[in-house]
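In the working numbering, the protein residues as written are 6 to 221. Note that beta-carbon positions come from the ideal geometry of N, C-alpha and C, so glycine has one too. Let me begin by presenting the structure, written as structure tokens, before commenting on it.
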Amino acid sequence: MSAGLTLKLVAMWLIFPAMLVPWLWPTYLGLLTMALVPLLIDFVGRCYCAQAPVEDALPIRLSILAQFTGILGLTIASIWAGLGGVLVGLIWAAVCQFSAAKWFIKHLRAIALSIDQPAIAVGMDQLRQRLLATTMSAYGSGAIAIVVLSCAVVFGIMAYGIGLLITLPLAFLMLMPVVMSTMVLYFLMLYSYERHLNALRHALRKRGQVYFPQDT
6 MSAGLTLKLV
16 AMWLIFPAML
26 VPWLWPTYLG
36 LLTMALVPLL
46 IDFVGRCYCA
56 QAPVEDALPI
66 RLSILAQFTG
76 ILGLTIASIW
86 AGLGGVLVGL
96 IWAAVCQFSA
106 AKWFIKHLRA
116 IALSIDQPAI
126 AVGMDQLRQR
136 LLATTMSAYG
146 SGAIAIVVLS
156 CAVVFGIMAY
166 GIGLLITLPL
176 AFLMLMPVVM
186 STMVLYFLML
196 YSYERHLNAL
206 RHALRKRGQV
216 YFPQDT
């Protein structure tokens with residue numbers, strides 16, 4: 006079990022270094038690699054965690070299914086439509102990832118209770134609330150961005166196209182505070198996620214519960 010949590014932590018630590026890949030490999034394949042490497046490591050870790058002896062295995066199964074759906078959609082869209090497919094696939098994978106995280110946190114809470122760690126279980130409840138706030142913020146920001154950019158394009162075209170030189174920069178300036186607030190919530194959630202994963206991993210190791218030979 007701790008091996009699965011370790012892999013998930015590694016995937017989280019790789020998110021920011023992976024952002025350098027598109028700069029070193031400036032093609033849609035670079036973007037795809039940036040997303041797939043952490044996602045695949047996270048997916049393997051999630052599958053390891055599925056072996057934890059909890060009564061209700063449905064949350065972790067739904068979590069694995071959601072993440073697999075996101076990875077599969079991202080891969081197919083990228084192969085089929087190149088750069089445009091990667092961009093659409095990233096949005097799809099992000100939506101699936103939020104769903105996968107919600108179910109995975111519920112699974113972690115069950116594990117914490119099974120090893121008599123109520124404090125960690127309470128922390129998982131708080132983490133789920135933070136994830137919900139981040140998800141709603143991300144969806145709200147996306148909806149606002151679609152409306153603002155659509156208006157900018159329409160008004161720019163109405164001004165014989167040259168208006169786009171004014172409306173698009175204004176749209177991005179208007180969206181910057183919205184995007185920044187969502188990013189702040191995301192980073193806070195990510196930090197909290199890492200902290201709670203570490204707490205559960207240390208509790209498992211201290212208790213000496215070994216679910217896999219790799220954990221020994």
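Ile76: member of the alpha helix (DSSP H) spanning Leu63 to Ser119, first to last residue.
A straight-line Cα-Cα distance of about 22 Å links Ala117 and Ala71. Inclusion of Leu67 and Ile46 in the CB contact set at 8 Å is not warranted, their separation being larger than that value. At a cut-off of 4 residues, the continuous stretches assigned as alpha helix (DSSP H) that sit fully inside the segment 14–55 are 26–29 and 33–54. Assignment of Ile149 by DSSP, reduced to helix, strand and coil, places it in the helix class. Look at the beta carbons and you see the segment 107–122 not touching the segment 77–94: under three pairs across the two are nearer than 8 Å.
Of Glu60, Ile167, Thr38 and Leu136, the smallest CA-CA separation from Ile76 is found for Thr38. Rounded to whole angstroms, the gap between the alpha carbons of Leu173 and Pro123 is 51 Å.
A check of alpha carbon separations from Glu199 across Val153, Leu14 and Ala8 identifies Leu14 as the nearest. By a beta-carbon distance limit of 8 Å, Val184 contacts Ser146. Their separation comes to about 6 Å.
Taking the Cα of Ser142 as reference, the smallest distance to any Cα among Ala164, Ala157 and Phe103 is reached at Phe103. Excluding its 5 nearest sequence neighbours in each direction, Ala105 has C-beta neighbours in its own chain below 6 Å: Ser68, Ala71 and Gln72, listed in chain order.
Per DSSP, the continuous alpha helix (DSSP H) segment holding Ala204 begins and ends at Leu169 to Arg212. Around the Cβ of Pro64, a 10 Å sphere holds 16 or more other Cβ atoms; the residue is buried.
Pro58 carries a coil assignment under DSSP once its states are collapsed to helix, strand and coil. In the structure shown, the three-state DSSP call for Gln122 is coil. Secondary structure of Ala164 (DSSP, three-state): coil.
Check the Cα spacing between Lys107 and each of Met24, Met194, Leu169 and Gly9: the tightest is with Met194.
Note on Arg212: under 16 other CB atoms within 10 angstroms of its CB, so exposed under the neighbour-count rule.
At a Cβ-Cβ threshold of 8 Å, Thr74 and Cys101 count as neighbours.
About 11 Å separates the Cβ atoms of Val42 and Gly35, ruling out a contact at the 8 Å cut-off.
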